[in-house]
Amino acid sequence: MSRRRNVLTSLTVMLAAFVMLCGSTAPVFAADAVGGAGNGLRISPVSSNLTIKPGSNVTVDVYITNVTSQKTTFEVFVNDFVASGDESGNPALILDDGKSAPTHSLRAFVPKLSNVTLAPNEQRDIKVPISIPATAPAGGYFGAVRFAATTETVAGKNVALSASVASLILVKVPGNYKEIMSVESIDTRKKDKIHSIFTKKNDIDAVVRFKNSGDIQEVPFGKLTVTKMGGSVVYTTEVNNAETPGSVLPGSVRKFAIPLKSISSFGKYKIQGDFGYGKGQTLTANTTFYVIPVPIMIVLGVLIVLIIIAIVEVPRVLKRYNRRVLRRAGRGRK
């Protein structure tokens, strides 16, 4: 009796979990710019990655073009930037001209730059000098050269417009710095919502989140291998292999979403991630997900219900049958 009760309890929990999974895995129906052009200005390069030794000076060339039909003056700012809070890797510029990043600030190493006035379609090479002190600690330093258009007011004063464009500068100062990176998580998602069970094979992304606990920006890379139950490889793909790969800033987490292909309509899958960074360091991580169509889920749910009913009702039927047999046997002896 106790054993049957335990089995019944387990199956009830399974059914509840199944219902929850069905509900949670149901199909989902469906200012400032960095680089490029904006506010009447085209800028190049979008970003610059430099290695500058302590005590050295380097000049960065930033090219700007006035793409408007009128003469325009652009105010030039040097701002620090940090990683955005959404883990996308997009930079978050510190636009307050009086504030610096709490760590890894580059703006202290760049002098104030003069405003520049450009005729229509005129291009100018803006020289950005960077001076790294001899005492600067090894590690990464991050800033941006930002341009904001101005317009003449009635009073004759220049007023900066709200929109602006910027060119990022990432500097690595060599020396005794730490390189510490880890895989914060690896999971599967649809429309950026985490699931381990999907009802359809389409639009499934593997998402890898890298955490940088070191002193410099890191560029993780690697490969994902997707295997189906039984061990057969169904898909392999590279991670962070764009022409300009993404960096993970110190003290931040960045996620990389990789679309999965060649997934069938039903099955269990394992994702194996093998990654590298820095000076040959390696990382591994893996996760598992399932593709189970709704009709199969319904069949499984019905089977679980039938099993529960069988466990509950069959013993009752047998008990009633045995009682009848015993009663008949008793009447026969009389």
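Numbering (our numbering), first residue to last: 1 to 334. Built from N, CA and C at the ideal position, the CB exists for glycine as well.
As DSSP reads the structure, Val253 sits in a beta bridge with Lys211. Rounded to whole angstroms, the Cβ separation of Leu50 and Val171 is 5 Å, and the two are in contact under 8 Å. For Leu41, the uninterrupted beta strand (DSSP E) run begins and ends at 41-44, by DSSP. By alpha-carbon distance to Lys71, the top candidate from Thr117, Glu87, Ala242, Phe77 is Thr117.
For Pro129, the enclosing beta strand (DSSP E) starts and ends at 123-131. Membership of Tyr277 in the beta strand (DSSP E) is indicated by the continuous run 267-277. Distance check between Pro133 and each of Val110, Leu318, Ser232 places Val110 closest, using alpha-carbon atoms only. DSSP links Phe77 through a beta bridge to Arg146. Judged by DSSP in its simplified three-state form, Ala119 adopts coil rather than helix or strand. Around the beta carbon of Ser262, fewer than 16 other beta carbons lie within 10 angstroms, which makes this residue exposed. Judged by DSSP in its simplified three-state form, Ile258 adopts strand.
Your pair Asn79 and Gly143 checks out as a contact, with CB atoms roughly 6 Å apart and the cut at 8 Å. Note on Tyr63: under 16 other CB atoms within 10 angstroms of its CB, so exposed under the neighbour-count rule.
Within the same chain, and ignoring the five residues on either side of Ile194 in sequence, the residues whose Cβ sits closer than 6 Å to its Cβ are Asp187.
A direct Cα-Cα distance of roughly 57 Å separates Val67 from Pro295.
Relative to the Cα of Val60, the nearest Cα in the group Lys127, Val253, Arg327 belongs to Lys127. Selection Thr284, Thr65, Glu75, Val207 evaluated against Glu122 yields Thr65 as nearest (Cα-Cα). Pro91 has Ala83 as its beta-bridge partners, per DSSP. Around the beta carbon of Gly231, a 10 Å sphere encloses fewer than 16 other beta carbons of the protein chains shown; the residue is thus reported as exposed.
In this structure the stretch 191-205 does not touch the stretch 301-313; the number of beta carbon pairs closer than 8 Å is below three. Rounded to whole angstroms, the separation of the alpha carbons of Ile180 and Ser265 is 39 Å. Straight-line spacing of the CA atoms in Thr244 and Tyr269 works out to 30 Å. In chain order, Thr188, Lys190, Phe198, Leu260, Ile263 place their CB closer than 7 Å to the CB of Ile204, counting only its own chain and leaving out the 5 sequence neighbours on each side.
Between Ser185 and Arg209, the beta carbon gap of about 5 Å places them in contact (Cβ cut-off 8 Å).
For the pair Ser88 and Arg254, the CB atoms are nearer than the 9 Å cut-off. Residue environment analysis places Asp215 among the buried positions, since at least 16 neighbouring C-beta atoms fall within 10 angstroms of its C-beta. Of Tyr290, Phe275, Ile307, the smallest CA-CA separation from Thr284 is found for Phe275.
Per DSSP, reduced to three states, the secondary structure at Leu113 is coil, with no helix or strand assignment. Secondary structure at Asn49: strand, using DSSP grouped into helix, strand and coil. By the neighbour-count criterion, in which a residue is buried when 16 or more other Cβ atoms sit within 10 angstroms of its Cβ, Leu326 is exposed. Taking all protein chains shown into account, Val317 has fewer than 16 neighbouring C-beta atoms within 10 Å of its C-beta and is therefore exposed. Excluding its 5 nearest sequence neighbours in each direction, Arg42 has C-beta neighbours in its own chain below 6 Å: Thr65, Val67, listed in chain order. Annotation for Ala119: Asn66, Lys71 place their beta carbon closer than 8 Å to its own, counting only its chain and skipping 5 residues before and after.
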